[in-house]
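*Asks:*
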Amino acid sequence: MAGEHTAAEIFETLAAQARLLWGETDAERQRPALAQTAEEIAVLVRATVPADLEPKFFA
Amino acid sequence: MTALHTLGVAEVAALVQRREASPVEVTTACLARLEVLEPTLQAWVSVDRHGALAAAKRCEQAIQRGDRIGVLAGVPVGLKDIIYTAGLRTAAGSRVYANFVPTYDATVTVRLQQAGAIILGKTVTTEFATADPSPTRNPWNTEHTPGGSSSGSAAAVAARMIPAALGSQTGGSTLRPASYCGIVGLKPSYGRISRYGVIPVSWCLDHVGILVRSVQDAALVLQAIAGHDLHDASSLAQPVGNYSLAVQQADTPPRLGVLPDFFRDHADAETQQHTAAIVERLAHAGASVREVPLPPSYATVLAAHRILMKVEAAAFHVDMFMTQREQYGPRLRETIEMGLVIPAVDYLRAQRLRRLFQQEVPQMFQDVDILVTPSTPTPAPRGLGTTGDARFQSPWTHAGIPTITLPTGLSQAGMPLGLQLIAPALEEERLLRAARWCEVALNVTLAPPL
Chain X
31 MAGEHTAAEI
41 FETLAAQARL
51 LWGETDAERQ
61 RPALAQTAEE
71 IAVLVRATVP
81 ADLEPKFFA
Chain U
51 MTALHTLGVA
61 EVAALVQRRE
71 ASPVEVTTAC
81 LARLEVLEPT
91 LQAWVSVDRH
101 GALAAAKRCE
111 QAIQRGDRIG
121 VLAGVPVGLK
131 DIIYTAGLRT
141 AAGSRVYANF
151 VPTYDATVTV
161 RLQQAGAIIL
171 GKTVTTEFAT
181 ADPSPTRNPW
191 NTEHTPGGSS
201 SGSAAAVAAR
211 MIPAALGSQT
221 GGSTLRPASY
231 CGIVGLKPSY
241 GRISRYGVIP
251 VSWCLDHVGI
261 LVRSVQDAAL
271 VLQAIAGHDL
281 HDASSLAQPV
291 GNYSLAVQQA
301 DTPPRLGVLP
311 DFFRDHADAE
321 TQQHTAAIVE
331 RLAHAGASVR
341 EVPLPPSYAT
351 VLAAHRILMK
361 VEAAAFHVDM
371 FMTQREQYGP
381 RLRETIEMGL
391 VIPAVDYLRA
401 QRLRRLFQQE
411 VPQMFQDVDI
421 LVTPSTPTPA
431 PRGLGTTGDA
441 RFQSPWTHAG
451 IPTITLPTGL
461 SQAGMPLGLQ
471 LIAPALEEER
481 LLRAARWCEV
491 ALNVTLAPPL
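Chains as they are written, first to last, in our numbering: chain X, 31 to 89; chain U, 51 to 500.
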């Protein structure tokens, strides 16, 4: 997530998106899952990816 | 004579070919076993008694005519209920697909039939092959989970209802239930077996898996169903190996690599001690053993795997989910909800990190033939509220490399434990050869007290 490096920052962005999609009540229910997903994204964001490394979907 | 329902794939195929057992006799024996145990184990969604007996009869007539028969002629099999069967309901453990009847067969269904296998019916899957548990019970102790998502396939093979079943694996859904139920589970390289006609969880991570009771049986079934399929964009074009021959050439002790960090730290004490003792027995039998470090990108593997699975599951389900959200179980619902809010750039970062891991994995095999780990961190957990922990399988599914689990003994509580063997990409022959060597060296076959 560009410009966001901590799980807390990422969580806020995901939670805002969830509120838009599902409303306040559902987004609140999703808090634990959103927090876990934010932690996972934070792991990816912290990792260095070589600039020339392209994704390969079916391999 | 040994009861027909207890025979493995190779034994049934050999008896049928020698006309010492008829396909109808074998199918009838398996159906009888199934009827006795099914009320307790709940491994089947549907049993196609009429269709199976008709197929067995046709097989028998072909043999009597002297026709050329397939390598699985007369072998009863079960198919996980995410695998398309034309005219036979494929509900995927879901209320959304409750009445879905495919109009065509999956490629694996066709290949099994072409090889002469008798399809007994559809085995229980967790909802859409994800984490919401199924009602299936573990044949070793019905108070324990059989694992998932290929719950019914594992329970049915372990309980001697059938000698073989197909499952699938996106994280650990073939090897984990196989290990929890004390049988052999094989997941080949990504693309080795066609996914056409198999309801997806995640296109880039899904594999078809094989559940049997011996390495030789795994090789036979793989031989019958592996190979390129124009219907599947991810299908491998590389030639299929001679897997049946590979397991007959298992005389050379393999060089084994053990992974000291993550896999030791995350297993319970009993599993750690058991695995160490098994590796020692293999070393005593002639295998060389050395520790192999995990590559740097391993640190991102589990996170990347979960991100890919959530986004791709959401992409597959989104249209149905928006109109039938209440029909989904809580864990799959949560998976889809998360997949719908993960930004595309993070999904692509996960894909790039997956490729980085795939590039680093070959380094792990520089000085060893095969990697070994406990198949699961613990034996099958008590209760049916979870299908267990996939973290020992997910990294290799993520990398798309072949893995197999062998039963290696029982825990103090009487639940099966297993050893996972891992080979480089496309090296199924190496994997099966090493697995057969270990199987002979360990000489462990587990049968639940049913």
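All C-beta atoms in this analysis are idealised placements derived from N, C-alpha and C, irrespective of residue type, glycine included. The structure displayed is predicted, hence computed values, not measured ones.
Under three-state DSSP, which class holds alanine 215 of chain U?
*Replies:* Correct three-state label for alanine 215 of chain U: strand.
*Asks:* Give the residues from the stretch 380–392 of chain U that approach chain X closer than 8 Å (Cβ to any Cβ), ordered along the chain.
*Replies:* Result list: Glu384, Glu387, Met388, Leu390, Val391, Ile392.
*Asks:* Please tell me whether glutamine 401 of chain U has its Cβ less than 7 Å away from any Cβ of chain X.
*Replies:* It does: the Cβ of glutamine 401 of chain U has a partner Cβ on chain X nearer than 7 Å.
*Asks:* Quick one: what does DSSP say glutamine 462 of chain U is sitting in, helix, strand or coil?
*Replies:* The answer is coil: DSSP assigns glutamine 462 of chain U none of H, G, I, E or B.
*Asks:* Please classify arginine 242 of chain U: does DSSP put it in a helix, a strand, or coil?
*Replies:* Correct three-state label for arginine 242 of chain U: coil.
*Asks:* Contact criterion: CB-CB distance below 7 Å. Does aspartate 356 of chain U meet it with respect to chain X?
*Replies:* Inspection of the sequence shows that residue 356 of chain U is occupied by arginine rather than by aspartate. It does: the Cβ of arginine 356 of chain U has a partner Cβ on chain X nearer than 7 Å.
*Asks:* For a test of the three-state rule: what should DSSP assign to isoleucine 133 of chain U, helix, strand or coil?
*Replies:* Here isoleucine 133 of chain U sits in strand by DSSP.
*Asks:* Drop a sphere of 10 angstroms on the beta-carbon of histidine 55 of chain U, count the other beta-carbons inside from all chains shown, and report buried for 16 or more, exposed for fewer.
*Replies:* By the 10 Å Cβ count, histidine 55 of chain U comes out buried.
*Asks:* For a test of the three-state rule: what should DSSP assign to arginine 108 of chain U, helix, strand or coil?
*Replies:* Of the three classes helix, strand and coil, the one that applies to arginine 108 of chain U here is helix, per DSSP.
*Asks:* Using only alpha-carbon positions, find the residue among U/Thr180, U/Thr195, U/Gly202 that is nearest to threonine 220 of chain U.
*Replies:* The shortest C-alpha separation from threonine 220 of chain U is found at U/Thr180.
*Asks:* Going by Cα to Cα distance, which pick from U/Val160, U/Thr192, U/Gln111 is closest to threonine 90 of chain U?
*Replies:* Nearest option by C-alpha distance: U/Thr192.
*Asks:* For the alpha helix (DSSP H) containing valine 75 of chain X, list its first residue and its last residue.
*Replies:* Per DSSP, valine 75 of chain X belongs to the alpha helix (DSSP H) from 61–76.
*Asks:* Run down chain X in chain order and give the residues with a C-beta less than 8 Å from the C-beta of glycine 450 of chain U.
*Replies:* Correct list: Ala89.
*Asks:* Cα separation between glutamate 110 of chain U and valine 74 of chain U?
*Replies:* Roughly 7 Å separates the two Cα atoms.
*Asks:* Might you give, ordered along the chain, the residues of its own chain that have their beta carbon closer than 7 Å to the beta carbon of valine 251 of chain U, omitting 5 neighbours on each side?
*Replies:* Around valine 251 of chain U: Phe178, Ala179, Thr180, Thr220, Met359, Ala363.
*Asks:* Does DSSP put arginine 305 of chain U in a helix, in a strand, or in coil?
*Replies:* Residue state, collapsed to three classes: strand.
*Asks:* Work out the CA separation of threonine 423 of chain U and leucine 482 of chain U for me, nearest whole Å.
*Replies:* C-alpha separation (whole angstroms): 16 Å.
*Asks:* Is the distance from the Cβ of proline 466 of chain U to the Cβ of glycine 232 of chain U below 7 Å?
*Replies:* Taking 7 Å as the Cβ cut-off, proline 466 of chain U and glycine 232 of chain U qualify as a contacting pair.
*Asks:* Does DSSP classify arginine 99 of chain U as helix, strand or coil?
*Replies:* Of the three classes helix, strand and coil, the one that applies to arginine 99 of chain U here is helix, per DSSP.
*Asks:* Would you verify that the beta carbon of glutamate 70 of chain X is, or is not, closer than 7 Å to some beta carbon of chain U?
*Replies:* Output row for glutamate 70 of chain X: interface = yes.
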